[in-house]
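Written out below as structure tokens is the structure these notes cover.
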Amino acid sequence: MISTALKIEISENNSRALKGFILLLLAVLFWGTSAPIGKHLIVTRFDTLVLAQTRTSLTFVLLIIFFLIRDRSFLKVEMSDLWRFAFLGVVGISITNYTYYFTMKEASVATAIIVQYTAPVWVFIYSVYIKKEEKFDAITIFSLLLSLFGCFIAVTSGSTLALNLKGWAILTGPISAFTFAYQIVATKHLLKRYSIWTVLIYIFGFSTLFWLFINPPWVIISKNYTAGDWGWLWLFAIISILIPQTAFASGLRLLRASTAGIISILEPIIAILMAYIILGELLTIIQIFGAVLVIIAIGLLQSHPLITRKYNESK
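Numbering (the working numbering) for the sequence shown: -1 to 313.
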């Protein structure tokens, strides 16, 4: 018989896991939905660099103003941790975005997505074999492989011809995967010591500083964007970074890093579906099949009884 205390522990852990899954699904929903919107904005209004820069910079402006007025305690960090925030902001946020978009431009959208979403593999390897914070788990590895296979089918319609790493994309593609994996792992580490808002303020702040050196404000001002253009940039910053990054960090705090990485693979699936709905892009049966595989993998992962296994091992 399971004791009352253990039943409560199982219930609480299951509740935390469910909350974490919901938050991560909310994050990938916003990320996936913002992808076709971003594509539309790049084609019709803005260049890629401006869109990548302003979505993090404008988010930082919103956060820093709000917390300077409401609660400055969220701005307090240990000086010894500043380099961690800086590295995560520059490498985990800025470099990830830039290399992803560069690979998309030089190779193809499918190539950029498939290569970047190998990141959960590196997160799993790091968490299990290097950091040793997680144990090798057959269900998790099966979910990982199934979701990657489903993502490949959904993005490429099952054809390897859609993958075409060439030129500098041979470097930027893998870099985008490694830096995305680093973003997940490093964010998880900082969330053990600081609040979600503190982490977001500082990583977006350092990302903003980085972009100011790459593309100074006067360069953007010289483009003479209208009030309507800036309205789109502010809106895109909120739906593509502020809301999903907050939800992702909140969910990441409640789940394993490898689990969060696998759930993130749902993002390109949502992007494909939203592109079909918003932009009228083609959606094939094979793509739907791939999407179903990813959903099955995530459903299997969500129902995986980790706490029950822990109980059985302790009997």
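In this text, a Cβ means the ideal position worked out from N, Cα and C, and glycines have one as well.
When DSSP states are grouped into helix, strand and coil, Asp69 belongs to the coil group. DSSP places Arg43 outside both helix and strand once states are collapsed to three, so it counts as coil. The three-state secondary structure of Arg191, taken from DSSP, is coil.
At a Cβ-Cβ threshold of 8 angstroms, Pro34 and Ala269 count as neighbours. Taken through DSSP and simplified to helix, strand or coil, Trp216 comes out as helix.
Where Phe134 is concerned, there is no enclosing alpha helix (DSSP H), because DSSP gives it neither an H nor an E.
Fewer than three Cβ pairs drawn from the stretch 96 to 105 and the stretch 223 to 236 lie within less than 8 angstroms of each other, which leaves the two stretches out of contact.
Membership of Met272 in the alpha helix (DSSP H) is indicated by the continuous run Leu264 to Met272. For the options Ile40, His38, Phe44 and Gly36, the alpha carbon positioned closest to that of Ile219 is the one of Phe44.
If you ignore the 5 residues before and after Leu250, its C-beta comes within less than 8 angstroms of the C-beta of Gly18, Leu22, Ile182, Thr185, Lys186, Leu189 and Ala258, all in its own chain and listed in chain order. Counting the other Cβ atoms within 10 Å of the Cβ of Thr42 gives fewer than 16, which makes it exposed. The three-state secondary structure of Asn95, taken from DSSP, is helix.
When Cβ pairs closer than 8 angstroms are counted between the two stretches, the stretch 197 to 213 is seen to touch the stretch 49 to 68, the count reaching three or more. Taking 8 angstroms as the cut-off, the Cβ atoms of Gly87 and Ile173 do not count as close.
The residues Ile260, Ile263, Val292 and Ala295, in chain order, have a CB closer than 6 angstroms to that of Ser145 in the same chain once the five nearest residues on each side in sequence are set aside. Rounded to the nearest whole angstrom, the CA to CA distance from Ala152 to Leu47 is 27 angstroms.
Counted as a single uninterrupted DSSP element, the alpha helix (DSSP H) harbouring Ile123 occupies residues Ala117 to Ile123.
Closest by C-alpha distance to Ile194, out of Ser155, Thr244 and Gly165, is Thr244.
In the three-state reduction of the DSSP assignment, Arg254 falls in the coil class, being assigned neither a helical nor a strand state.
Going by beta carbons, Ile93 and Thr177 fall inside the 8 angstroms limit. Residue state for Glu76 is assigned as coil, using DSSP reduced to three classes.
Taking the CA atoms as reference points, Thr170 sits about 13 angstroms from Thr116.
Assigned with DSSP and collapsed to three states, Ala152 falls in helix. Just measuring C-alpha positions, the residue of Ile111, Phe64, Ile237 and Phe85 sitting nearest Leu24 is Ile237. DSSP places Gly226 inside the alpha helix (DSSP H), whose first and last residues are Ala225 to Ala235. Look at Thr244 here: in three-state DSSP terms it is helix. Residue burial annotation: Asp69 is exposed, with fewer than 16 other C-beta atoms found within 10 angstroms of its C-beta.
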